[in-house]
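A.B. asks:
Residue numbers (full-length UniProt numbering): 1 to 683.
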């Protein structure tokens, strides 16, 4: 009996050994890997000598859009399960990186130039407008060891930049045309990086997503997952768009370096993009889903608006940052008046003391991305408050302390007047217009109250996208609304607003302005070739908001040129006489308004309601002491003691009146001319 048992055990052991070695040989010839197609769960298939075990486990689904570096001994070339649509490709050695980009404002080009720093590989950078997409991509297919890197932004309305329209159009038509071979780019190894802003909702990086999908449909193979860079620093996975791109560069470097290691192969497992993906994606968190999830929750509001990289950029631009979302900066006119060289246009129009004016903002974020913004679009954008919030007391104290410290730096500077320096250490005015949208700050009323308590007048500027906030705003010394265009199309083109209902918000904001009892101002920025031919439409908007004043100013040239963020050149800057001509034509269409003042140096002209023309004299200046008295009564009465713009007016001096020989320059100041400097201001 014992002999029989031993014999049976011996037979079983022999069978086991035979099965084991047979199985081992199969592995060496092919490979065992998991097939990630959910519709084939728990079903076996084989292709030639390869064994494919199908499984739909959560862990295997997570391989979607990921690359892995595996040991050479465990990988066999052409290990593909055709039935279940799993691709696996091998790159022996990457020696060339061809970069294709398009840009609207120059930022993408600057980022792509950083790819040249990748070592041990030849990097070629091509603008999409300079190539034939079909020819170049086919050339990449034929070049072994080449990666095609696509870097593409999404601009207005989910469209590519002008320089990338043809590339995207051709690629999409090729991917959807049944007459074109869907394997034409088989052998193309590509990686796509998108530049976008999650504040645009469904249009976030939609161009990059389409390009990535179209290349896949044409037989290409991703060597890196689609990377969606986010300009919204609070929702960026790495803190900023630049940091997202830097992460992508490191991934490319890792990819290239691993391809050169003799001990390893680089493989990619990607599931084809078809309807079977829908259920698989239930267990996968994509970047765009993460962004949407974060934007919907907004519960903890623990993210800081100013990220480390943004702090570095703004500090370099001269901002003194306060807390997590506020800033202050010294205006050039403050410096000018400290030297007795003249004040800004607000000095001429409204009588502020420029050397005692603090320029600040409680919100660096904005809901627009205006083409003429002189802030270089380095500030964050958003349509709602979604960041950690600092208390208004800390913001006011921080702003004043930083402002005074900047004033103190002028002590002993040649030309600075002693009395002006002393006066400058006691702020009398605050221009809440530095950068961003101050009215977005949830505690804006409390902040304004604190400024008024310190006898500091307030000049608040809003971009006309938050009508409810305007309605709920407590009285300020003067409330501005930026009216950069007079039609829906031109406003969209110039301001590039984030809100989809931007035009309705714009009109509602103007209507709310007409209900405010205090001084209200339309601010128009004239940009040649953009909004110079809309005089009649502007006139209709004046009737809607009924502002007390209309400031018309020629756009300021920021120096970025046609490749910069604002895409403006000196050709877009109107001469002062051109601004005056525009203003005269506009005034003729407004029976209740006349030209009241000008500041030639600022290229700015003021139109005022005729109610401020009293007894043959203009009264555009402000009685600041009277305003402080009125606002104190308003606060003490709980808001019942209201007042109007006519309650704190003051006579405009003759030198500030339009048509005077001084043209808005205070004769008490000393006009100063730069030496050996060409006049390029257009003023």
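Think of the CB as a built atom: it goes at the ideal place given N, C-alpha and C, for glycine as much as any other residue.
All figures in this text were calculated on a predicted structure; none of them were measured in a lab.
#1: How is residue 112 classed by DSSP in three states: helix, strand or coil?
#2: Locate the beta strand (DSSP E) running through residue 594, then write down its first and last residues.
#3: Along the chain, which unbroken stretches of the alpha helix (DSSP H) at least 4 residues long are found entirely within the region 392-419?
#4: Can you give the beta carbon distance from residue 243 to residue 227, rounded, assuming they're within the 8 Å contact cut?
#5: Rounded to whole angstroms, what is the Cα-Cα separation between residue 416 and residue 653?
#6: Candidates 471, 14, 121: which alpha carbon is nearest residue 258's?
#7: Under three-state DSSP, which class holds residue 429?
#8: Is residue 302 buried or exposed, if buried means 16 or more other CB atoms sit within 10 Å of its CB?
#9: Excluding the 5 residues preceding and the 5 following residue 333 in the sequence, name in chain order all residues of the same chain whose CB lies nearer than 7 Å to its CB.
#10: From the DSSP output, which residues share a beta bridge with residue 124?
#11: Between the region 174-189 and the region 113-127, do at least 3 Cβ pairs fall closer than 8 Å?
#12: Specify the secondary structure class of residue 385 as computed by DSSP and reduced to three states.
#13: Taking buried to mean at least 16 other C-beta atoms within 10 Å of its own C-beta, is residue 668 buried or exposed?
#14: Taking residue 158 as the reference, give the member of 634, 202, 478, 371 with the closest Cα.
#15: Going by C-alpha to C-alpha distance, which of 639, 645, 601, 634 sits closest to residue 621?
#16: Is the region 502-522 close to the region 462-480, with three or more CB pairs under 8 Å?
#17: Rounded to the nearest angstrom, what separates residue 240 and residue 212 at their Cα positions?
#18: To the nearest angstrom, report how far apart residue 169 and residue 105 are at their CA atoms.
#19: How many whole angstroms separate the CB atoms of residue 365 and residue 381, which I take to be in contact at a CB cut-off of 8 Å?
#20: Compare the Cα-Cα distances from residue 718 to each of 428, 575, 478, 232 and report the closest residue.
#21: Relative to the alpha-carbon of residue 370, which residue among 152, 454, 527, 191 has its alpha-carbon at the smallest distance?
#22: Give the C-beta separation of residue 223 and residue 255 to the nearest angstrom, bearing in mind that I take them to be a contact with Cβ-Cβ under 8 Å.
#23: Return yes when the Cβ of residue 601 is within less than 8 Å of the Cβ of residue 665, no when it is not.
#24: Candidates 356, 200, 419, 413: which alpha carbon is nearest residue 456's?
#25: For residue 110 and residue 140, I'd like the C-alpha separation in whole angstroms.
#26: Can you give me the C-alpha to C-alpha distance between residue 294 and residue 438, rounded to a whole angstrom?
#27: Tell me, to the nearest whole angstrom, how far the beta carbon of residue 145 is from that of residue 190; I am working on the premise that it is less than 8 Å.
#28: Cβ of residue 627 within 8 Å of Cβ of residue 593?
#29: Can you list, in chain order, the residues of its chain whose CB lies under 7 Å from that of residue 15, leaving out five sequence neighbours each side?
#30: Please confirm if residue 641 has its CB atom under 8 Å from at least one CB of chain D.
#31: Residue 306: which of 232, 615, 464, 516 sits nearest, CA to CA?
#32: Measure from the alpha carbon of residue 463 to the alpha carbon of each residue in 480, 473, 476, then state which is nearest.
#33: For residue 535, which residues in the same chain have their Cβ closer than 8 Å to its Cβ, ignoring the five residues on either side in sequence?
#34: Taking the Cβ atom as the reference point for each residue, do residue 491 and residue 499 lie within a distance shorter than 8 Å?
#35: Rounded to a whole number of angstroms, what is the C-alpha to C-alpha distance between residue 523 and residue 553?
#36: Per DSSP, residue 621 forms a beta bridge with which residues?
C.D. replies: Put simply:
#1: Residue mapping note: residue 112 aligns to position 112 of the chain shown, counting from 1. Of the three classes helix, strand and coil, the one that applies to residue 112 here is helix, per DSSP.
#2: By 1-based counting over the chain shown, the position of residue 594 is 594. Residue 594 -> beta strand (DSSP E) spans 593-599.
#3: 392-408
#4: As a first step, residue 243 is located in the chain shown; it is residue number 243 there, counting from the start. As a first step, residue 227 is located in the chain shown; it is residue number 227 there, counting from the start. That pair is no contact at about 12 Å.
#5: Counting from one through the chain shown, the residue named residue 416 turns up at place 416. Counting from one through the chain shown, the residue named residue 653 turns up at place 653. In a straight line, the C-alpha of residue 416 is about 25 Å away from that of residue 653.
#6: Indexing the chain shown from 1 puts residue 258 at position 258. The shortest Cα separation from residue 258 among 471, 14, 121 belongs to 121.
#7: Numbered from 1 along the chain shown, position 429 holds the residue referred to as residue 429. Strand at residue 429.
#8: Counted from its first residue, the chain shown places residue 302 at position 302. Answer is exposed; the Cβ neighbour count stays below 16.
#9: If you number the chain shown from 1, residue 333 lands on position 333. So the qualifying residues of the chain are 343, 344, 354.
#10: As a first step, residue 124 must be located in the chain shown, where it is residue number 124. Per DSSP, 98.
#11: no
#12: The residue labelled residue 385 in the question sits at position 385 within the chain shown. Coil, per DSSP.
#13: As a working mapping, residue 668 is identified with position 668 in the chain shown. Exposed, since its Cβ has fewer than 16 Cβ neighbours within 10 Å.
#14: Position 158 of the chain shown, counted from the start, is the residue given in the question as residue 158. Among 634, 202, 478, 371, the Cα nearest to that of residue 158 is on 202.
#15: Taking the chain shown and counting its residues from 1, one reaches residue 621 at position 621. It is 645 whose Cα lies nearest to the Cα of residue 621.
#16: yes
#17: For this step, residue 240 is matched to residue 240 along the chain shown. For this step, residue 212 is matched to residue 212 along the chain shown. Rounded to whole angstroms, residue 240 to residue 212 spans 22 Å at the Cα level.
#18: Indexing the chain shown from 1 puts residue 169 at position 169. Indexing the chain shown from 1 puts residue 105 at position 105. If I take the Cα positions, the gap works out to 20 Å.
#19: For the purposes of this step, residue 365 is taken as residue 365 along the chain shown, with counting starting at 1. For the purposes of this step, residue 381 is taken as residue 381 along the chain shown, with counting starting at 1. Yes, residue 365 and residue 381 are in contact; Cβ-Cβ is about 6 Å, under 8 Å.
#20: Outside the shown range of the chain, which is 1 to 683, sits residue 718, and nothing can be said about it.
#21: The count along the chain shown starts at 1 and reaches residue 370 at position 370. Residue 527 is the option with its Cα nearest to residue 370.
#22: The residue given as residue 223 occupies position 223 in the chain shown. The residue given as residue 255 occupies position 255 in the chain shown. Going by Cβ atoms, the distance from residue 223 to residue 255 rounds to 6 Å, so yes, they are a contact pair.
#23: In the chain shown, residue 665 corresponds to position 665, counting from 1. In the chain shown, residue 601 corresponds to position 601, counting from 1. Taking 8 Å as the Cβ cut-off, residue 665 and residue 601 qualify as a contacting pair.
#24: Translated into positions along the chain shown, residue 456 becomes position 456. It is 356.
#25: The residue given as residue 110 occupies position 110 in the chain shown. The residue given as residue 140 occupies position 140 in the chain shown. Roughly 23 Å separates the two Cα atoms.
#26: Residue mapping note: residue 294 aligns to position 294 of the chain shown, counting from 1. Residue mapping note: residue 438 aligns to position 438 of the chain shown, counting from 1. The predicted model places residue 294 with a pLDDT of 42, which falls under 50 and marks its position as unreliable; any figure quoted below should be read in that light. Whole-angstrom Cα-Cα distance: 23 Å.
#27: By one-based count along the chain shown, residue 145 stands at place 145. By one-based count along the chain shown, residue 190 stands at place 190. Actually they are not in contact, since the Cβ atoms of residue 145 and residue 190 sit about 14 Å apart, beyond 8 Å.
#28: As a working mapping, residue 627 is identified with position 627 in the chain shown. As a working mapping, residue 593 is identified with position 593 in the chain shown. Contact: no.
#29: In the chain shown, residue 15 corresponds to position 15, counting from 1. If we look at residue 15 and ignore the five residues flanking it on each side, it has no Cβ neighbours.
#30: Among the chains of the structure shown, chain D does not appear; only one protein chain is present.
#31: For the purposes of this step, residue 306 is taken as residue 306 along the chain shown, with counting starting at 1. Ranking the options by Cα distance to residue 306, first place goes to 232.
#32: Position 463 of the chain shown holds residue 463. Nearest C-alpha to residue 463: 480.
#33: By one-based count along the chain shown, residue 535 stands at place 535. Excluding positions up to five away in sequence, the list reads 582, 585, 586, 589.
#34: As a position in the chain shown, residue 491 is number 491, starting the count at 1. As a position in the chain shown, residue 499 is number 499, starting the count at 1. Cβ distance not < 8 Å, so residue 491 and residue 499 don't count as in contact.
#35: In the chain shown, the residue the question calls residue 523 occupies position 523. In the chain shown, the residue the question calls residue 553 occupies position 553. So the two alpha carbons sit approximately 8 Å from each other.
#36: For the purposes of this step, residue 621 is taken as the residue at position 621 of the chain shown. For residue 621, which the question treats as bridged, DSSP gives the partners 650.
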